[in-house]
Amino acid sequence: MTTDSETSADTQDSGSPGRGGSAPVRKLDGIAVAGIVLAIVVAMTVPADKLQGDVQRLMYVHVPSAWVAFLAFGVTAISSVAWLRTRKMGWDTTAAASAFVGVFFTGTALASGMIWGKPTWGVFWTWDARLVSTALLFVIYLGYLALRRATPDPIDRARRSAIVGVIAAFQVAVVYKSVDWWVTLHQQSSRDSIDPALRLSLWVSVLAFTIVYIGLTSRRKALLEAEEALRLRGLRSSAVAGDAVSVPNLDLPDG
Amino acid sequence: MPFLFQIWTYLMADSLHALTQLTEAAQIDNPWSWVVAGYTIVYGAMFGLTGWLWIRLSRIQRQLDDDA
Chain G
1 MTTDSETSAD
11 TQDSGSPGRG
21 GSAPVRKLDG
31 IAVAGIVLAI
41 VVAMTVPADK
51 LQGDVQRLMY
61 VHVPSAWVAF
71 LAFGVTAISS
81 VAWLRTRKMG
91 WDTTAAASAF
101 VGVFFTGTAL
111 ASGMIWGKPT
121 WGVFWTWDAR
131 LVSTALLFVI
141 YLGYLALRRA
151 TPDPIDRARR
161 SAIVGVIAAF
171 QVAVVYKSVD
181 WWVTLHQQSS
191 RDSIDPALRL
201 SLWVSVLAFT
211 IVYIGLTSRR
221 KALLEAEEAL
231 RLRGLRSSAV
241 AGDAVSVPNL
251 DLPDG
Chain S
1001 MPFLFQIWTY
1011 LMADSLHALT
1021 QLTEAAQIDN
1031 PWSWVVAGYT
1041 IVYGAMFGLT
1051 GWLWIRLSRI
1061 QRQLDDDA
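These protein sequence lines map, in sequence, to chains G and S. Residue numbering for the first sequence follows this note's numbering, beginning at 1 and increasing consecutively. Residue numbering for the second sequence follows this note's numbering, beginning at 1001 and increasing consecutively.
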């Protein structure tokens, strides 16, 4: 027999998520909020770009979004390989959670890129290799998430999505190298030529976004596990009801 | 009912037109409008997603606790 407080302590000790996420995730939320506030302050106070002016400040949300999307899909690919090798379901939920967050950040990269494109290029969208390959990346991973929803059996779902998760990762490389392989309106990487003050600000944003990614992925993974636990509980309770309730055999005469 | 739908479509068309005008004006006059729009969308979506995950996880945890 345990009291409420003991049960609560057991739950925390076993590492299962509490309300809205486990204690480490909640701590991470605090760090993420502090990081985001710092990133915004630095991005707004760093000197403006000489050519583009203040519009260039969009770089501090656009580039970190794209970076986190690449990181997320990389984690999905690695977790997918790990599932194929070990068949441990934890790897499957990590891959799924990371892909979900990756799709989200690909969306924010596309949205912020379009907002940056209008004042600098004059258009929200152009059929440029970097833009098209990124849109394709977005659609491919939406397909990955759709595939997971369309497959009810957990083992089948894990196997199919692991294979897609590994193959789809090649699109990340295509997106990254698209500015080198094709002539594009999108600029090439300015990693080496960027001003040190702007680079520092960019790194602060990248770090803050990475912490947010870890927090979101942890929470999404906890949610997937909780949903699975709920589903299994539902199956067990329906089995009990199935045993208790049976159709009466009335032996009615024909006609 | 068709009359209400007609009014609604007129209002939507007007809103979309006004929005286009706003973005065109912002492009010319103020680069900060684009910065604010970008930051609002990205950070707004980020906090929105965090909140949605938080609420959904809390509900399911409560359901699991109640069932137990």
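Positions of the beta carbon are idealized from the N, C-alpha and C atoms, including for glycine.
key: Neighbourhood of G/VAL273 by C-beta distance below 7 Å, restricted to the same chain and skipping five residues each side   = Residue 273 of chain G cannot be examined here, being either before or after the span of chain G that is shown, 1 to 255.
ask   = At a Cβ threshold of 8 Å, is G/GLY53 touching chain S?
value = yes
key: 8 Å Cβ shell around G/LEU28 - same chain, five flanking residues per side excluded   = ILE211, ILE214, GLY215, SER218
request  = Output the distance between the C-alpha atoms of G/LEU136 and G/ALA169, rounded to the nearest integer angstrom.
outcome  = 12 Å
ask   = S/ASP1067 touches chain G at which residues, Cβ-Cβ below 7 Å?
value = ARG233
key: G/ALA162 versus G/LEU224: straight-line alpha-carbon distance, rounded   = 16 Å
ask   = Can the beta-carbon of G/ALA197 be found less than 8 Å from the beta-carbon of G/LEU38?
value = no
ask   = Where do the N-terminal and C-terminal ends of the alpha helix (DSSP H) with S/LEU1057 fall, by residue?
value = 1031-1067
ask   = Taking Cβ to Cβ, would you say S/SER1064 is nearer than 8 Å to G/ALA23?
value = It should be noted that the sequence gives Leu, not Ser, for residue 1064 of chain S. Cβ distance not < 8 Å, so S/LEU1064 and G/ALA23 don't count as in contact.
query = Less than 8 Å separating the beta-carbons of G/THR108 and G/PHE138?
reply = no
query = Grouping DSSP H, G and I as helix and E and B as strand, with all else coil, what is G/ASP54?
reply = helix
query = Using a Cβ-Cβ distance under 8 Å, would S/GLN1061 count as near chain G?
reply = yes
Proximal chain S residues relative to G/TRP116, where beta-carbon distance stays under 8 Å = TRP1034, GLY1038
The stretch 81-89 of chain G contacting the stretch 110-122 of chain G, beta-carbon criterion three pairs below 8 Å = no
request  = Inspect the beta-carbon positions of G/ARG130 and G/THR184 and report whether they are closer than 8 Å.
outcome  = yes
query = Given G/LYS118, which residues of its chain have a CB within under 6 Å of its CB, disregarding the five upstream and five downstream residues?
reply = PHE124
ask   = How would you list, in chain order, the residues of chain S whose beta-carbon sits under 8 Å from the beta-carbon of G/ARG220?
value = LEU1053
request  = Give a yes or no on whether the minimum CB-CB distance between G/ILE36 and chain S is below 8 Å.
outcome  = yes
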